[in-house]
Amino acid sequence: MGVRIMVVDDAAFMRMMIKDILSKNGYEIVAEAENGAKAVEKFQEVKPDLTTMDITMPEMDGISALKQIRSMDASAKIIMCSAMGQQAMVIEAIQAGARDFIVKPFQPDRVLEAVRKVVG
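Structure follows, in structure tokens:
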């Protein structure tokens, strides 16, 4: 069985880009969510091996969602996605348990490197 990934971003275009990179490289996209609240809900349903999580989203931001998911499943593997200039938030996310982060716009090599590093 391949690595099952959930993609979380409020921008459909960004979700599409990252799904494209991952699925072309043999990863299975099992769920997507457009905000942190939905991400927490879907995480419980599908139990993905890995989640890519945008930091800035409506309803619930990525850091709050990260903390909630990690409180339900301490072994959850989450990679944060951030725009340039969100260093402070990235640091907070790493302290809250994110395994890595990728900067937008996504560079396919960097996305794959982060995923491989996190899922082994």
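One rule links them: number in my numbering = place in the sequence shown (from 1) + 7.
Built from N, CA and C at the ideal position, the CB exists for glycine as well.
Item	Value
Backbone CA spacing between S82 and E66 [nearest angstrom]	25 Å
Proximal residues to I36 (C-beta, below 7 Å), its chain only, five neighbours per side dropped	I12, V14, K26, L29 and S30
Rounded Cβ spacing between V126 and L57 (contact assumed at less than 8 Å)	5 Å
CA-to-CA distance, S71 to Q94, given in whole angstroms	16 Å
Reference F113, options A90, A40 and I85, closest by Cα	A90
Nearest to F108 (by Cα), restricted to the options G43, I62 and E52	I62
Buried versus exposed, by CB contacts within 10 Å (16 or more), Q75	buried
Pick from D17, K49 and K84 that is closest to V175, judged by C-alpha positions	Examination of residue 175 is not possible in this model, given that the chain is present from 8 through 127 alone.
DSSP three-state assignment for S89, whether helix, strand or coil	strand
Pair within 9 Å by beta-carbon distance, E41 and D17	yes
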